[in-house]
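Chemist: Residue numbers (the numbering used here): 728 to 817.
Glycine included, every Cβ here is placed at the ideal spot set by N, Cα and C.
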Amino acid sequence: GKNIIAMTFSWCIFFGSDGLLSHNIFIHEHGMMKEVTLALTVTVVALIMIFALEQLQDLKHIDDAIDEAIRAVVNAIGILIGFAWEKAFD
């Protein structure tokens, strides 16, 4: 169950970011530059999200269920980064 949700989350964020870049920055160009920019953008945002989640996880009063959920989200974000770079070099 968690893996399906993680994959769905990753694909939704990826295609949402792709659409955002395509309609706002790369209106006329859809080549390699867009794909690499997308991968870099997704990576930077994902690393910021991972850092924030790790800071949240370091709090002492975090429940085990929340800790496990944070770990699952971090794994999904890792999948998202992989999707972005795979698409950039596809």
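Considering only the beta carbon of each residue, do S744 and T764 sit closer than 8 Å?
Modeler: Cβ distance not < 8 Å, so S744 and T764 don't count as in contact.
Chemist: Nearest by alpha-carbon distance to K729: which of I752, E795, I740, A815 is it?
Modeler: E795
Chemist: Identify which residue in I732, A733, F741, M760 has its Cα closest to the Cα of V772.
Modeler: F741
Chemist: Less than 8 Å separating the beta-carbons of A779 and A733?
Modeler: no
Chemist: Would A811 be called buried (16 or more neighbouring beta carbons within 10 Å of its own) or exposed?
Modeler: buried
Chemist: What are the start and end residues of the alpha helix (DSSP H) that includes K761?
Modeler: 759–784
Chemist: Assign G805 to one of three DSSP states: helix, strand, or coil.
Modeler: helix
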